[in-house]
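Numbering of the sequence shown is given in the working numbering, commencing with residue 144 and proceeding in unit increments.
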Amino acid sequence: MKLEFDIASGDFSKAGRASSRIKKMLKQLQVDPKVIKRIVVAIYEAEVNVVAHSVGGKMLAEIDGTGITVIVQDNGPGIEDIEKAMQEGYSTATKAVRNMGFGAGMGLPNINRNTDEFTIESELGVGTVLTFRNNF
Numbered sequence: 144m145k146l147e148f149d150i151a152s153g154d155f156s157k158a159g160r161a162s163s164r165i166k167k168m169l170k171q172l173q174v175d176p177k178v179i180k181r182i183v184v185a186i187y188e189a190e191v192n193v194v195a196h197s198v199g200g201k202m203l204a205e206i207d208g209t210g211i212t213v214i215v216q217d218n219g220p221g222i223e224d225i226e227k228a229m230q231e232g233y234s235t236a237t238k239a240v241r242n243m244g245f246g247a248g249m250g251l252p253n254i255n256r257n258t259d260e261f262t263i264e265s266e267l268g269v270g271t272v273l274t275f276r277n278n279f
């Protein structure tokens, strides 16, 4: 089963729609609730990152008999220092984003912590691709 979602830049009111829809589907497939919780946290964090840091992007999710693979691709500034961005508390979010309660620097660390596999590819001035997977 394949799902695709567009993620708009700056629209925090819609952040979480993909994670909510995927959560519902995984519940219908009777996936272990612990697995659902972990992947939904990762998906939500990825959605918020696209909303906060890019000019928009897409999320592709593929559910197969052994797990779920998610690819999140954005068009944006890219990540200058991935190693630094993986540190808890490091954030490049604007003051406006932080004032809304986002941008605490936990997104990428939370994705890493809540997935079985996680890779980041980023090109400055082009964008970032996150690929992550959770096994059932």
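A virtual CB, placed ideally from N, CA and C, is assigned to each residue, including glycine.
What does DSSP give as the partner residue(s) for residue i in the beta ladder?
i      : result
Asn277 : Ile211
Val269 : Answer by DSSP bridge pairing: none, since Val269 is not bridged.
How far does the alpha helix (DSSP H) with residue i in it extend, from its first residue to its last?
i      : result
Met179 : The amino acid occupying residue 179 in the given sequence is Ile; Met does not appear at that position. Its alpha helix (DSSP H) spans residues Pro176 to His196.
Met168 : Arg160 to Gln171
Ile254 : Gly250 to Arg256
Please work out which residues of its chain come closer than 6 angstroms, Cβ to Cβ, to residue i, disregarding the five sequence neighbours upstream and downstream, and give them in chain order.
i      : result
Val272 : Gln216 and Glu264
For residue i, report the span of its beta strand (DSSP E) as first-last.
i      : result
Leu146 : Lys145 to Ile150
Met229 : Taken as a continuous stretch (DSSP letters only), Met229 belongs to no beta strand (DSSP E), as it is neither H nor E.
Leu203 : Gly200 to Ile206
Expressed to the nearest angstrom, what Euclidean distance is found between the alpha-carbon atoms of residue i and residue j?
i      : j      : result
Val269 : Gly219 : 6 angstroms
Arg164 : Lys180 : 13 angstroms
Glu260 : Lys238 : 31 angstroms
From the options, pick the residue whose C-alpha is nearest to that of residue i; which is it?
i      : options                           : result
Val194 : Arg241, Leu169 and Glu266         : Arg241
Gly153 : Ile165, Ala236, Ser162 and Leu169 : Ala236
Ser197 : Phe279, Met144 and Ile150         : Ile150
Gly159 : Lys145, Ala189 and Leu251         : Ala189
Val191 : Asp259, Thr274 and Ser162         : Ser162
So, at 7 angstroms on beta carbons, what are the nonlocal neighbours of residue i in its own chain, with the 5 sequence-adjacent residues on each side left out?
i      : result
Ile225 : Ile263 and Ser265
Val178 : Asn277 and Phe279
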